Each structure stands twice: as C-alpha cells, then as structure tokens.
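K.L.:
Residue numbers (this note's numbering), protein chains in the order written: chain A, 1154 to 1631; chain B, 1154 to 1631. For every residue, glycine included, the Cβ atom is placed at its ideal position computed from N, Cα and C. Just so it is clear, the structure is predicted and the values come from calculations on it, not from any experiment. Right, I'll just put the structure down here and ask away after.
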C-alpha cells in the first residue's frame, strides 16, 4: 500500500454516463482527472436501465404500431420472438462487459481506478480495491460525486429473502417469467410491465395510489393504464402490498395486499422508487449524512460544504433522475470546475453555460410505453403551484391527420401550458404512439423561451403528428 | 342566369386546404367569404396527394422498421396485404367524396359555389356551373387565387395517347401494376416508387439527372437511392426518356431512353414537376399571363396588379409547393385581408403575423421514404449562395444510441448549418428511419432563431434519436 496519495485536479466518484461526461469536460478544460468505479464503467444506464429497457421495449412498441396498420397487422398478431429480443438486449449491454467504455475513458485521457471510493476528508478519496488494498487520491480542485441511485425496497419483513426483482433484474433477466407481479406505478413499473407482457409474461401491476405516472399530466397515466390493460396487463390501483413470501429461493411468490387480496407470481419486481447511492461513500468525513441526497446549487456545487470543492451531478443530487439531465449537469459542472480552477469568471445568470437552468425549466422525459408519454417543463399543476399565470391548452391527437395515418384507432392527447406574462411555453406533454421524437420540438420551445407569436411561424410538416402544434396554437388563439 | 353579381368581401378561387384556410381566416376577421371549386372541396392534398400517398406509404415504412428488429422481423418478411392497404387509403380519401369538407365550410360560414371560376376584370369572378350557367361574383375587398398546380407532362409526341399516370393516378390506383416505370427524381417520384414497390410492383425509376431530391442536401438523395435499391427498385440515373408508346389504351408501355435503352412496363408515372393551375382562370382579364405562376409579396398580395385586391396563396405563388406552407400563407393572407379591409395597420416587418417570413427562412419538408428525409431552412449550398458566413456540421445518426435502438443496421445522417454572424441555425436536415417527427425541433430552432448557446440547454431525452442534437452541438463545439 502506497500512503502518498495520487493527486489529480479532479476526482470523480462513479463512472456512469454522468461521471464519464463530467471527467471528460474537466479534461477538455485542461484539468487532470481520475474516475473511480466499483462496478462496470458505463453505469446503470448502459447495463441495467436506459439501454436494456429500451432494447426490450422497442420491438414491443414497433409491433403495437404494426398491429394498428391494415395490410401489416395480420402478420404481427403472433408473439414476439422473446429469445431474439433478449439476445439483442444482450448486445446493447455489451453482454455486461465494459471494455468499450474503458477504452473511451482512455481515449479522452481520464484515469480509472477500480474499487469502492469513499471520501476521506476534504479533497481526499480512498479507494478500496478488489485485492484488499487502498488507493489514496487527492484533488487539487474538486471531487464530484456521481454515484447515482439504487432501487428502493419497501421496509417489509423478509423481503431480502424472497429474491425480489429490482430494475436491474427486470432489465437483465434471461427469460420471461410466466407470471410477473410489478409493484409500483412510476416509469420503471409501467415500462417493465409493457416489456414483459409483450415478451410473454402475464403481468399484474400493483399500484398503491389511484394513478400511474403521478409526476406528469394526469391524462398520461390514464392513457398508459388503458394501454397496459389492452395489452393484457392486470392493472390494480389502491393496492398496498402488506407482505410477501416465497417458496424457497425461486419458488412461487405470494403477495398479500391490504384488505386481504392475494397475488401469486413467479417473480415480483419492486419499482417503488430510488434511493441515493451515498450510504457508504464517506459523506460523514466531510460533515454530510450518509445515505442522503446531495443538495447542490445551479453550478452543481454541493451546498453546506466548506471550501467549495465538492460537486454532485446526476441522480444523486435529486434534481432530475434522468440520464440525459445528469449528463447535462455533468457538462455544466465540468465547465464550472474548469473555469474556477483557472480563476476565470463563472457567469451564474440563468441559461449561462455554467448553470443548469434547464433543471428548473425544461427537463424532458419520454416514457416508452404504448402509448408513449413525452413531457417537458412544468405540468399545469406545477405551473399553478409556482404561481404562474397560465392558460392550459389541450388537443386530442386523434384529430390530427398525421396521427390517424400513423395507425388506426389512434388515441393520444397533447397539452401546452402557456405563461401569459412571459408569452412563451412553460411545459408541453404529448401522449400517443410515436410521439417520442416529437418531444424535442417542445424542449427547444420551452428552453428557448420562443414566444408563442413566433411559434406560429414554425410550420409543422404535413401530414406528421407534429401538426398538433398548429392545432394547439389554434386552440390557444381560441 | 342572374346578371347582378353576388357580392362578398372576399372571393377565394380553389377550395383546397389553402383556399379553405384563407376563407376561414377572412371569416374570422369578420368578412363575408365565398369559395369557388370545380372539383372536390378539400383539393389535391385530401384526395390525390398528401393523404392517399401517406396512407400508401405508412404501412410500407412500418414494415421496413419492423424488419430491422430481431424478435419481430421474421413475422414481417412477407408482402403487405395490398388490398387492405388500398382499402385504408380509400378511407383516408373519404372515397373521393367531399361531403365532410363541404360540411366544414358550412360550419365556418363560408359559402360555396361549385363550378369553374375565372377572373373577369378587377374584383370580379365568373363561375361556369355544371348546368351551363354562370354565377357572377364581386369582391368588396379581395380575390384570392388558391388553385394550386397540376402535374406537368413532358412535351413528347403522343404522350396523351398512352394514358400516363400522374400523381393523381399513382395515389388513387385500384391495384398495383406488375411493372411500374416512374419518370422523375423528386418527392413524388421517390415516394411513389417506395409505395408501389412495397405494394407488389416491380418499379423502375428513371432519373434524368445524376441524383434524387436535388433540392435538399445531397446526402439525402444518395441515402434514398440506396434504400430504394435495397427495396428492389431499379434506379437508373442519367436516363432521358426520348419517346413513349403503348399497345392500345392499357397494353404494355415502352419507354425509349436517349442512348438506346428500352424499358417496358405496365404503367408509367410521370413525376417530373408541377405546373401552375392558372391556364384558364381569366388572368388575362386583369393583365396577367394565363398559365403563369403568380408572384406575391410577403403578405401574399399579387405584385403588378393595380388596386391591391388580388392575392395568391399556396403552390400557385411558387414560394413553397407544400400543403402546410400554403396553409401558413393562407392564415397570413386571411389576416392581412381582414386587417386591410378594416383599415387596420399591417406590420410588414419580418415574423409579424402579417408576413410569411418562414417562406424564406424555415420551410419544412418530410419525404416519407425509407429512410425518411426531413429538412428545414437553408441547405449548405443555399446558405452559401445567400452569402451567409456558416459552419456546416454533420453527424452520423448510426452513432446515436436512440437510432441504433430504433432498428438494427440503422443508417442516417444529420446536418446543421450554423450562421456564424447571427449565432443561430439556418437549416437542419435529418435522413434516417423515424426522423419525421424530429423535424419540428429543427423548425422551432430555425424559425425561432434560438441561439446555439441556448440550444445546449434544450436537452434531448435519452435514448431517443433526438440525441443527435447533442452530438451536432458537440461536433460544432469541436
């Protein structure tokens, strides 16, 4: 063991997409950087979240689209070839090997230390390596925590013994369980219910509340519930799971619901939320509480830590639990760290290159269900809570020619929230098949604060689903 | 025959989408309006262009998408059910009946006169009706010509005798010809080649020049040519058709190509361009040349006509031969006519509600081929011709995670043209499967003149194809 620490300008803990991008941006600013990772370089997104989940979902959604098209529908009535879908998923996760990601780090000249990184006082990180040793690192300028989150499990007696699925199992499973119970009503729950139902499981979705996707416009969750039911998912609201038991490690799972109902399944996925991955990263050595989210300012600097050397980007700061938004923060934090290291001024006014303004105003999200949900900015309720004077405009996507051409029986809805004082949009939500790529038009409009008067000159091509923009503007004009 | 003319504030000649929208906007401004139509209310777009062509293409593109997805691909190797696709197309054209459109006119309180409308001196229109009569109309404020275009045929001896297909036949045919020759290399040619090849025809595409889609970025035409060839279309460049002959009215067609080659087919589609539908609308009575395009200013007022009472919107003014852009002009012209009738000021500065600025800066177009082509604003060549100081940024869409998830072997490309002096985008082009709905993001950015610095805050959702925006910005940053 070498007691003299290796010194870098920047130390990044966690080599998911966020950590990778932050390190790369720090390097681009001329700083030396090292990244610490205890698992696979590439992180949750590459191996157990975005990539595998979308690889599972894409054929399911393409089949749902094809089913709505006379002339093609008859050919796709049969089930998906599950083995082929899983094999493709395996390719997208690089078979859970990180050689490619490691090579990328090398290509951008960021050092990698494999092992469990813990803060060890200001600007110090101790990495416990697999061989039982410790690598000590010291940062001249900054340490950035990019450790993300882990799946939360309910505090239920015996839950650890029943081998529950979390998002990791749901995205990496090697075969479809005959019966899958999914506990939760958020994005992971609805996406995985969609995927495994299409891949051959009989899915039961157990939702504690009375709606799905509670963070977006209410009609989104309603339409997704309809879609899940039509795909064959047994969707049950108001079901609070009281206990769970299993016959042996891999036998039948039985869930007991408050009120007495019982659900049997071959696997159970708990998708009830995320917990910050900060329980064992030495937060206590710098005066922070282990297991807590790390609050940051708009430059991604952790608040409440002396010396301004600690940053946190991505899920762990709890601003927006989305890979793309974490990468956005990473680009900004990397630039901030670079500028501050060189003593350059850091413009902290909104929308400057050094502040993550979009975290407040324009966080986009696509939920890859059937129908898809695509939302950016504030919902109507959020805008009202924020005290904005708004008009909320809705439009039935089925009335748009491009949507009805997209597939027979098209159902969807669009909403835009107009800020009456500022004259631009605060938020936009689209629900419907094929709306995922439409979202970025809204993201540009919201983040760009494009005046509604100007949006009239942004003509949607006919006949695309995008024509809903014209309909929304016409409805707003009223 | 009643010699006293019926007087309206506004007379619109041509009840396609453009005429309909213009009349509706004039009504909304408080003016009385009448619309004259000799064919079906709803126009080319509804019956012989956008709607039927996209109804033919959508199943073909959905099948192409499905073929690129392991787990689904095996199911869709067979041909489309052509009869089912054609039946769906028939539904989208309302079986070539215009009751619904007529009812819409009634609902917005616009009168309809069926018959052939001709200008008859300033502010006068004479409509020759089917019963041999004439309805005389007089306009208090404006006459708007919205007669669109017709398919151009080459000046070739005997062409009228061989029953050639034009876009109308190609979109309304009741069965797939065994062999279809398509002459042309523009949008109609490549879309109809795509559709009919997928519907069972063996298509030969005869292109006079050496590229397809000459009006957009060159790589678009190249990728579409590759896609057509892979679908089985025989694409031949540099083929100038010298003569055409046919055995009887419906026998085999033989085309002779300069240089000696012969092509045999069961039908031949000429898609070589459009001609203004102004040959017999009385232009000579107001000092204009029959058969000419009608040049307009940015308020859509025809230039060179005394009194400022004549407007032209849509294809016929030759600004942008696209339904959605014509409707945009119609909204503007209707508002202009309304304001001028009331003596209200008409702001003619760029991007005002009264000028069609987007016609110069931000015309979007989607070509529904495999791959799709989606472009808005200026191409690199157009920007250079316009003397702008630009940087052109390209990105390979296959490198975008969302694109590779969309389908195996994804091929596509994106380009953005940055105005270095203004700091915003002049044009964007996407080519690839599934990019159609992505276009509106670019249209908002270009029409909104959103600064590139701000576009960094418009975060694309991961993993969508839209992430190409981030890659383009990164490539621009360099």
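Against residue 1204 of chain A, what residues of chain B qualify as contacts under a CB-to-CB distance less than 9 Å, listed in chain order?
P.N.:
1554, 1558 and 1616
K.L.:
For the beta strand (DSSP E) that residue 1387 of chain A lies in, which residues bound it at each end?
P.N.:
1387–1389
K.L.:
For residue 1577 of chain A, which beta-bridge partners are listed by DSSP?
P.N.:
DSSP, once it has assigned bridges, lists A/1572 as partnering residue 1577 of chain A.
K.L.:
Rounded to the nearest angstrom, what separates residue 1511 of chain B and residue 1370 of chain B at their Cα positions?
P.N.:
Counting only the Cα atoms, residue 1370 of chain B lies some 19 Å from residue 1511 of chain B.
K.L.:
May I ask you to report which of helix, strand or coil DSSP gives residue 1417 of chain B?
P.N.:
strand
K.L.:
Checking 9 Å against the spacing of the C-beta atoms, do residue 1184 of chain A and residue 1494 of chain A come in under that value?
P.N.:
yes
K.L.:
Could you give the DSSP three-state label for residue 1521 of chain A: helix, strand or coil?
P.N.:
coil
K.L.:
Please confirm whether residue 1360 of chain B and residue 1391 of chain B have their CB atoms less than 9 Å apart.
P.N.:
yes
K.L.:
Among B/1294, B/1458, B/1394 and B/1424, which one has its Cα closest to the Cα of residue 1343 of chain B?
P.N.:
Among B/1294, B/1458, B/1394 and B/1424, the Cα nearest to that of residue 1343 of chain B is on B/1424.
K.L.:
Assign residue 1425 of chain B to one of three DSSP states: helix, strand, or coil.
P.N.:
coil
K.L.:
Short check: CB of residue 1523 of chain B to CB of residue 1586 of chain B, under 9 Å?
P.N.:
yes
K.L.:
Give a yes or no on whether the minimum CB-CB distance between residue 1201 of chain A and chain B is below 9 Å.
P.N.:
no
K.L.:
Just how far apart, CA to CA, sit residue 1154 of chain A and residue 1441 of chain A?
P.N.:
In this predicted model, residue 1154 of chain A has a pLDDT of only 48, less than 50, meaning its place in the structure is not dependable; the value taken from the coordinates is given anyway. Approximately 28 Å, taken between the alpha carbons.
K.L.:
Buried or exposed, going by whether 16 or more other CB atoms sit within 10 Å of the CB of residue 1478 of chain B?
P.N.:
By the 10 Å Cβ count, residue 1478 of chain B comes out buried.
K.L.:
Between residue 1207 of chain B and chain A, is the shortest Cβ-Cβ distance under 9 Å, so that the two count as touching?
P.N.:
yes
K.L.:
How close, in whole Å, do the beta carbons of residue 1465 of chain B and residue 1485 of chain B come, if the pair is a contact with beta carbons under 8 Å?
P.N.:
Contact doesn't hold; Cβ gap of about 12 Å is too wide.
K.L.:
For residue 1604 of chain B, which residues does DSSP report across the bridge?
P.N.:
B/1577
K.L.:
Just the chain B side, please: which residues come within less than 7 Å of residue 1343 of chain A by C-beta, in chain order?
P.N.:
Chain B residues near residue 1343 of chain A: none, gap ~16 Å exceeds 7 Å.
K.L.:
Who are the neighbours of residue 1587 of chain A on chain B, taking C-beta pairs under 8 Å?
P.N.:
1590
K.L.:
In terms of DSSP beta bridges, what is residue 1365 of chain A paired with?
P.N.:
Paired residue(s): none; residue 1365 of chain A is not in a bridge.
K.L.:
Go ahead and pull the three-state DSSP assignment for residue 1293 of chain B.
P.N.:
Strand, per DSSP.
K.L.:
DSSP beta-bridge partners for residue 1322 of chain A?
P.N.:
According to DSSP, which records beta bridges pairwise, residue 1322 of chain A is partnered with nothing at all.
K.L.:
Mind checking if residue 1349 of chain B is an interface residue toward chain A, Cβ cutoff 9 Å exclusive?
P.N.:
no
K.L.:
Based on Cα-Cα distance, which residue from B/1529, B/1362 and B/1437 lies nearest to residue 1274 of chain B?
P.N.:
Looking at the Cα atoms, B/1437 is the closest of the given residues.
K.L.:
Excluding five sequence neighbours on each side, which residues of the same chain lie with their C-beta closer than 7 Å to the C-beta of residue 1430 of chain A?
P.N.:
Cβ within range, chain order: 1300, 1301, 1302, 1303 and 1469.
K.L.:
Are residue 1517 of chain B and residue 1528 of chain B close, meaning C-beta to C-beta below 9 Å?
P.N.:
Their beta carbons are under 9 Å apart, which means residue 1517 of chain B touches residue 1528 of chain B by this criterion.
K.L.:
At 4 residues or longer, what runs of the alpha helix (DSSP H) sit wholly inside the segment 1231–1295 of chain B?
P.N.:
1235–1245 and 1252–1260
K.L.:
Does any CB atom of chain A fall closer than 9 Å to the CB of residue 1098 of chain B?
P.N.:
Residue numbering for chain B in the displayed model covers 1154 to 1631; residue 1098 of chain B lies beyond these limits and cannot be assessed.
K.L.:
Compare the C-beta of residue 1620 of chain A with all C-beta atoms of chain B and state if any pair is closer than 9 Å.
P.N.:
It does; some Cβ of chain B falls within 9 Å.
K.L.:
Between residue 1536 of chain B and the ligand GTP, is the CB less than 8 Å from at least one heavy atom?
P.N.:
Ligands in the displayed structure: none, and consequently the ligand GTP is not present.
K.L.:
Is residue 1327 of chain A buried or exposed, if buried means 16 or more other CB atoms sit within 10 Å of its CB?
P.N.:
exposed
K.L.:
Whether or not the segment 1412–1420 of chain A and the segment 1283–1294 of chain A are in contact is what I'm after, with contact meaning three or more pairs of Cβ atoms, one per stretch, closer than 8 Å; do they touch?
P.N.:
no
K.L.:
Flag this pair as touching only if the segment 1556–1568 of chain B and the segment 1617–1631 of chain B have three or more C-beta atom pairs under 8 Å; answer yes or no.
P.N.:
The segment 1556–1568 of chain B is in contact with the segment 1617–1631 of chain B.
K.L.:
Specify the secondary structure class of residue 1166 of chain A as computed by DSSP and reduced to three states.
P.N.:
strand
K.L.:
Measure from the C-beta of residue 1524 of chain A to each C-beta in chain B and report whether the shortest distance is under 9 Å.
P.N.:
no
K.L.:
Where does the unbroken beta strand (DSSP E) through residue 1334 of chain A begin, and where does it stop?
P.N.:
It spans 1332–1336 - the beta strand (DSSP E) in which residue 1334 of chain A sits, taken as one unbroken run.
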